[in-house]
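As you go down the protein sequences, you meet chains A and B in turn.
Heads up: the first sequence at position 100 corresponds to 119 in the working numbering, and the numbers run straight through without jumps.
Heads up: the second sequence at position 128 corresponds to 147 in the working numbering, and the numbers run straight through without jumps.
Yeah, the Cβ is synthetic: ideal placement off N, Cα and C, and Gly gets one too.
Remember, predicted model here, so these are calculated numbers, not experimental data.
First the structure, in the form of C-alpha cells, and then the observations on it.
Protein chains: 2
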Amino acid sequence: MDSYDEKILRMLMANARATWSDLASSIGLSSPAAADRVRRLEEKGIIKGYGVAVDPELVGYFCTAFVAVTLERAELRSDFLHLIDCLKEVQECHHIAGDYDYLLKVRCINTKDLDRVISSGLKSLPGIRTRTTIVLNTLKESTRLPLDQVHPEKGE
Amino acid sequence: MDSYDEKILRMLMANARATWSDLASSIGLSSPAAADRVRRLEEKGIIKGYGVAVDPELVGYFCTAFVAVTLERAELRSDFLHLIDCLKEVQECHHIAGDYDYLLKVRCINTKDLDRVISSGLKSLPGIRTRTTIVLNTLKESTRLPLDQVHPEKGE
DNA sequence: TATGAAATGGATTGGCC
DNA sequence: GGCCAATCCATTTCATA
Chain A
20 MDSYDEKILR
30 MLMANARATW
40 SDLASSIGLS
50 SPAAADRVRR
60 LEEKGIIKGY
70 GVAVDPELVG
80 YFCTAFVAVT
90 LERAELRSDF
100 LHLIDCLKEV
110 QECHHIAGDY
120 DYLLKVRCIN
130 TKDLDRVISS
140 GLKSLPGIRT
150 RTTIVLNTLK
160 ESTRLPLDQV
170 HPEKGE
Chain B
20 MDSYDEKILR
30 MLMANARATW
40 SDLASSIGLS
50 SPAAADRVRR
60 LEEKGIIKGY
70 GVAVDPELVG
80 YFCTAFVAVT
90 LERAELRSDF
100 LHLIDCLKEV
110 QECHHIAGDY
120 DYLLKVRCIN
130 TKDLDRVISS
140 GLKSLPGIRT
150 RTTIVLNTLK
160 ESTRLPLDQV
170 HPEKGE
C-alpha cells in the first residue's frame, strides 16, 4: 500500500470502469504495472469487488428504513444471521453496542413491502424485537472511504 | 427498463469491470447493443456511477458508527448540510422520522478519530445534539439493490 | 516491480435491417 | 433498437532492467 495503490483505489472509487490505460496514465505508471497492482490489491483482499451505483427510486425502490433488532434469546443468533443472509432487502447488518443488538439497513419498494419484510421476514423468528426508523430522504450516500490516512502496515 | 436492462444492472452490480463482450454474451445481446443500453441507463440517471468495494479494515479504518442528530433550531439546517457534505468520514446522511432528525453513518480510523469527527466536526455547530451508536462488527454490507421487482414505468 | 514493443483480442463506428 | 463487419485501440505477454 504505497501512494500508487492509494491513487489506484481513489481512481477506482470514482470510476471502476476506467480502462487500464486511463488508470495507468492518471497515476503515472504503464498499463501492465497498473494492472499488476490492481491484481495484487484484489489478491490481498483490499479490493473486494466492483459495483454499480443504481438510483433506487428510478428502479422502483422508494422506501429505506433502519431496523434495530434485539434477540431475546442467544440461541436465536444463528437463525437470525441466516435469515439476514437470505433477505435481499436487508442491505446491511451491523452488530452494535447499546440498547439493541443489531442495526439493519433495509431497502424496499414501499412501506407495504417493508411491512412484509418485517412481519413475514424478521418476525418469523420467535423472540425477536424490532424498532423501525423510516428514512424520509437520503441526502448523502457514498460507498467511498475517506482514504485520507491509509495505514501502510496493514494489508501487507 | 426491460428484462435486458435488469440483467445488465444485475451483471454490473456483481462486477462493474466486466468487459462489454462478457456483459453482452451473458445477457444475450451483441456488444454494441449492450454498450448502447448501458449508455442509455447512464443518461437516464439509473446508473449513477461505478465503484470499488474496499475492505475498510485493510486500509486502516477500524471504526464504524451511526450518529443520530437533532438540530435544536431550524436555522441550523443549511449549515449542517454543508458540514455533512464536507466531512468525508460521513458516508451517509439520512433525514429520518422519529426522535432524531438525521442519521449519519460514519467511518473512521479508530474511536479517537471518531471523537475528533464528532467533537471538532459536528459539535462545531451550536444547537446540535447527537447520540452515537458504535458498530462492533459488520456482518453484511452490500450496495446491491434487491432488484426483484423493477417498476418498468419508472425511469422512462 | 517497472518498462516498452509486439501480438492478441475486445471496443467502437457505420451501414443495414 | 439490434446485428454484422471492419477499423481502431486497449490489454496482455514477454523480454529486459
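Cβ closer than 7 Å: which chain A residues qualify as neighbours of residue i?
i                 : result
ASP74 of chain B  : GLY64, ILE65, LYS67
THR117 of chain B : Here the sequence assigns Gly to residue 117 of chain B, which means Thr is not the residue at that position. Those are THR152, listed as they occur along chain A.
LEU144 of chain B : None at all; the shortest Cβ gap to chain A is about 16 Å.
Cβ closer than 8 Å: which chain B residues qualify as neighbours of residue i?
i                 : result
ILE46 of chain A  : Those do not exist, as ILE46 of chain A stays about 14 Å from chain B at its closest Cβ, beyond 8 Å.
LEU100 of chain A : LEU158
LEU141 of chain A : Going along chain B, no residue has its Cβ under 8 Å from LEU141 of chain A, so there is no contact; the nearest lies around 14 Å.
THR162 of chain A : GLY70, ALA72, GLN110, THR162
Cβ of residue i less than 9 Å from any chain B Cβ?
i                 : result
LEU133 of chain A : no
LEU90 of chain A  : no
ALA52 of chain A  : no
Comparing the C-beta of residue i with each C-beta of chain A, is any distance below 9 Å?
i                 : result
GLU94 of chain B  : no
CYS82 of chain B  : no
THR149 of chain B : no
TYR23 of chain B  : no
VAL78 of chain B  : yes
MET20 of chain B  : yes
Just the chain B side, please: which residues come within less than 9 Å of residue i by C-beta, in chain order?
i                : result
LEU31 of chain A : ARG36, TYR69, GLY70, VAL71, VAL73
So residue i contacts chain B; which residues on that side make the cut at Cβ distance below 7 Å?
i                 : result
PRO165 of chain A : LYS107, GLU108, ARG126
LEU42 of chain A  : The premise fails here: LEU42 of chain A is roughly 11 Å from chain B at the closest Cβ pair, so nothing lies under 7 Å.
Identify the contact partners of residue i in chain A, using a Cβ-Cβ distance below 8 Å as the criterion.
i                 : result
ASP104 of chain B : LYS159
- Message: Using a Cβ distance threshold of 8 Å, determine whether the region 128-142 of chain A contacts the region 94-110 of chain A, with at least three qualifying pairs required.
- Response: Enough Cβ pairs lie closer than 8 Å, so yes.
- Message: I'd like to know if the region 27-40 of chain B and the region 140-152 of chain B are in contact, where contact means that at least 3 CB-CB pairs between them fall below 8 Å.
- Response: No: the two stretches stay apart, fewer than three of their Cβ pairs being nearer than 8 Å.
- Taking only runs of the beta strand (DSSP E) that begin and end inside the region 78-166 of chain B, which ones reach a length of at least 3 residues, in chain order? Those beta strand (DSSP E) runs which fall completely within the region 78-166 of chain B and span 3+ residues are 82-90, 109-115, 121-127, 147-160.
- Message: So, does the region 153-166 of chain A touch the region 73-84 of chain B, judging by three or more C-beta pairs under 8 Å?
- Response: Because the criterion of three Cβ pairs below 8 Å is met, the region 153-166 of chain A and the region 73-84 of chain B touch.
- Cβ contact check for the region 85-93 of chain A and the region 47-59 of chain A: 3 or more pairs under 8 Å: No, they do not touch.
- For the region 36-71 of chain B, which segments carrying the alpha helix (DSSP H) assignment without a break, of at least 4 residues, lie completely within its bounds, in sequence order? Annotation note: the region 36-71 of chain B contains the following uninterrupted alpha helix (DSSP H) runs of length 4 or greater, listed N- to C-terminal: 39-46, 50-62.
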